[in-house]
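Input: a single structure, listed below in C-alpha coordinates.
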Amino acid sequence: MLLAGILLLTRLGIQDFQHRSLANRFVLAYACLYLTAWGLTGPEPSILVQHCLTAALTLVFGMALVALGGMGGGDAKLAAAVMLWSGPDKAMTTLLLITQTGLILALSGLAARRLGRQAAPATVWHRFLYGLDANRGVPYGIALATGGVYACWQVLSGTP
(Lines of atoms letter the chains of each structure in order from A and count residues from 1; the text may use other names and numbers.)
(Lines give C-alpha, C1' and ligand atoms only; values in the text may rest on other atoms or scores of the structure.)
Protein backbone atom coordinates (compact mmCIF):
# COMPACT_ATOMS: atom_id res chain seq x y z
CA MET A 1 0.00 0.00 0.00
CA LEU A 2 2.92 2.32 0.71
CA LEU A 3 4.20 1.67 -2.80
CA ALA A 4 0.78 2.58 -4.26
CA GLY A 5 0.80 5.84 -2.30
CA ILE A 6 4.33 6.67 -3.41
CA LEU A 7 3.50 5.90 -7.05
CA LEU A 8 0.37 8.08 -6.98
CA LEU A 9 2.24 10.96 -5.36
CA THR A 10 5.17 10.60 -7.76
CA ARG A 11 2.74 10.76 -10.67
CA LEU A 12 1.14 13.89 -9.21
CA GLY A 13 4.53 15.53 -8.58
CA ILE A 14 5.69 14.87 -12.14
CA GLN A 15 2.41 16.13 -13.56
CA ASP A 16 2.62 19.34 -11.52
CA PHE A 17 6.25 19.86 -12.55
CA GLN A 18 5.40 19.51 -16.24
CA HIS A 19 1.95 21.09 -16.50
CA ARG A 20 1.22 22.92 -13.22
CA SER A 21 -1.96 20.88 -12.76
CA LEU A 22 -3.01 17.89 -10.66
CA ALA A 23 -5.44 15.26 -11.93
CA ASN A 24 -8.43 14.87 -9.62
CA ARG A 25 -8.55 11.11 -10.16
CA PHE A 26 -5.04 10.65 -8.74
CA VAL A 27 -5.73 12.95 -5.79
CA LEU A 28 -8.95 11.03 -5.09
CA ALA A 29 -7.16 7.69 -5.42
CA TYR A 30 -4.57 8.82 -2.85
CA ALA A 31 -7.32 9.92 -0.46
CA CYS A 32 -9.22 6.65 -0.92
CA LEU A 33 -6.02 4.74 -0.20
CA TYR A 34 -6.16 6.19 3.33
CA LEU A 35 -9.63 4.75 3.83
CA THR A 36 -8.29 1.35 2.79
CA ALA A 37 -5.32 1.70 5.16
CA TRP A 38 -7.65 2.75 7.98
CA GLY A 39 -9.85 -0.27 7.35
CA LEU A 40 -6.88 -2.65 7.37
CA THR A 41 -5.23 -1.30 10.51
CA GLY A 42 -8.05 -2.08 12.92
CA PRO A 43 -10.61 0.60 12.29
CA GLU A 44 -11.39 2.91 15.15
CA PRO A 45 -14.13 5.38 14.17
CA SER A 46 -12.75 8.24 16.28
CA ILE A 47 -9.45 8.17 14.36
CA LEU A 48 -11.27 8.36 11.03
CA VAL A 49 -13.35 11.29 12.30
CA GLN A 50 -10.23 13.16 13.47
CA HIS A 51 -8.45 12.62 10.17
CA CYS A 52 -11.52 13.63 8.15
CA LEU A 53 -11.93 16.81 10.20
CA THR A 54 -8.26 17.67 9.65
CA ALA A 55 -8.72 17.16 5.90
CA ALA A 56 -11.94 19.20 5.85
CA LEU A 57 -10.33 22.15 7.65
CA THR A 58 -7.39 21.98 5.27
CA LEU A 59 -9.73 21.98 2.28
CA VAL A 60 -11.65 25.02 3.59
CA PHE A 61 -8.39 26.90 4.21
CA GLY A 62 -7.03 25.82 0.83
CA MET A 63 -10.16 26.93 -1.02
CA ALA A 64 -9.93 30.31 0.71
CA LEU A 65 -6.39 30.60 -0.67
CA VAL A 66 -7.68 29.58 -4.11
CA ALA A 67 -10.29 32.34 -3.95
CA LEU A 68 -7.55 34.84 -3.08
CA GLY A 69 -5.35 33.61 -5.94
CA GLY A 70 -2.66 32.24 -3.63
CA MET A 71 -3.01 28.58 -4.54
CA GLY A 72 -4.37 26.37 -7.28
CA GLY A 73 -7.44 24.21 -6.78
CA GLY A 74 -5.51 20.99 -7.34
CA ASP A 75 -3.01 21.99 -4.67
CA ALA A 76 -5.85 22.65 -2.21
CA LYS A 77 -7.38 19.23 -2.89
CA LEU A 78 -4.04 17.44 -2.64
CA ALA A 79 -3.26 19.27 0.62
CA ALA A 80 -6.57 18.02 2.04
CA ALA A 81 -5.76 14.45 0.94
CA VAL A 82 -2.32 14.67 2.55
CA MET A 83 -3.86 15.97 5.78
CA LEU A 84 -6.37 13.10 5.67
CA TRP A 85 -3.36 10.81 5.94
CA SER A 86 -1.51 12.88 8.54
CA GLY A 87 -4.42 13.62 10.87
CA PRO A 88 -4.17 16.11 13.71
CA ASP A 89 -1.29 14.33 15.47
CA LYS A 90 1.16 14.57 12.58
CA ALA A 91 -0.23 17.67 10.86
CA MET A 92 2.41 20.11 12.11
CA THR A 93 5.34 17.88 11.19
CA THR A 94 3.82 17.21 7.78
CA LEU A 95 3.18 20.92 7.19
CA LEU A 96 6.75 21.76 8.21
CA LEU A 97 8.12 19.26 5.69
CA ILE A 98 5.79 20.61 2.98
CA THR A 99 6.81 24.19 3.76
CA GLN A 100 10.54 23.41 3.69
CA THR A 101 10.22 21.56 0.40
CA GLY A 102 8.11 24.39 -1.02
CA LEU A 103 10.76 26.93 -0.03
CA ILE A 104 13.45 24.91 -1.79
CA LEU A 105 11.24 24.71 -4.89
CA ALA A 106 10.55 28.46 -4.83
CA LEU A 107 14.24 29.33 -4.52
CA SER A 108 15.07 26.80 -7.24
CA GLY A 109 12.43 28.42 -9.44
CA LEU A 110 14.05 31.81 -9.05
CA ALA A 111 17.45 30.36 -9.92
CA ALA A 112 15.97 28.43 -12.86
CA ARG A 113 14.47 31.61 -14.25
CA ARG A 114 17.89 33.18 -14.39
CA LEU A 115 19.74 30.08 -15.65
CA GLY A 116 17.03 29.22 -18.17
CA ARG A 117 17.82 32.31 -20.20
CA GLN A 118 21.39 31.09 -20.58
CA ALA A 119 20.63 27.43 -21.43
CA ALA A 120 20.51 26.20 -25.01
CA PRO A 121 16.91 25.60 -26.14
CA ALA A 122 15.69 22.02 -26.62
CA THR A 123 18.23 20.46 -24.27
CA VAL A 124 17.29 18.28 -21.30
CA TRP A 125 18.75 20.93 -18.99
CA HIS A 126 16.62 23.63 -20.60
CA ARG A 127 13.45 21.52 -20.18
CA PHE A 128 14.34 20.90 -16.53
CA LEU A 129 14.87 24.61 -15.91
CA TYR A 130 11.60 25.35 -17.68
CA GLY A 131 9.84 22.91 -15.34
CA LEU A 132 11.15 24.80 -12.31
CA ASP A 133 10.86 28.34 -13.73
CA ALA A 134 9.19 30.63 -11.19
CA ASN A 135 7.46 32.52 -14.01
CA ARG A 136 5.23 29.46 -14.38
CA GLY A 137 4.51 29.35 -10.63
CA VAL A 138 5.88 27.03 -7.98
CA PRO A 139 5.08 23.34 -8.61
CA TYR A 140 3.78 23.02 -5.06
CA GLY A 141 2.34 19.59 -5.84
CA ILE A 142 5.91 18.30 -5.44
CA ALA A 143 6.12 19.70 -1.91
CA LEU A 144 2.68 18.32 -1.09
CA ALA A 145 3.67 14.93 -2.50
CA THR A 146 6.76 14.93 -0.27
CA GLY A 147 4.56 15.56 2.76
CA GLY A 148 2.16 12.92 1.49
CA VAL A 149 4.86 10.25 1.35
CA TYR A 150 5.85 11.15 4.92
CA ALA A 151 2.24 10.98 6.14
CA CYS A 152 1.62 7.71 4.32
CA TRP A 153 4.77 6.21 5.82
CA GLN A 154 3.77 7.33 9.32
CA VAL A 155 0.33 5.72 9.10
CA LEU A 156 1.47 2.48 7.51
CA SER A 157 4.49 2.01 9.79
CA GLY A 158 2.31 2.57 12.85
CA THR A 159 4.55 5.37 14.10
CA PRO A 160 2.86 7.19 16.98
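Using the UniProt record's numbering, read the sequence shown as starting at 1 and increasing by one per residue.
Glycine is no exception: its CB is placed at the ideal position from the N, C-alpha and C atoms.
Val66 sits in a helix when the DSSP states are folded into three classes. When Pro88, Gly102 and Val124 are compared, the shortest CA-CA separation from His51 is found for Pro88.
For Thr41, there is no enclosing alpha helix (DSSP H), as DSSP marks it with neither H nor E. Secondary structure at Gly137: coil, using DSSP grouped into helix, strand and coil.
In the assembly as shown, Ser46 is an exposed residue. Its beta-carbon has fewer than 16 other beta-carbons within 10 Å.
In the DSSP assignment, Arg127 falls within the alpha helix (DSSP H) that extends over Val124 to Leu132. Going by DSSP, Thr10 is part of the alpha helix (DSSP H) stretching over Leu2 to His19.
Taking 8 Å as the cut-off, the Cβ atoms of Leu3 and Phe26 do not count as close.
When DSSP states are grouped into helix, strand and coil, Met71 belongs to the coil group.
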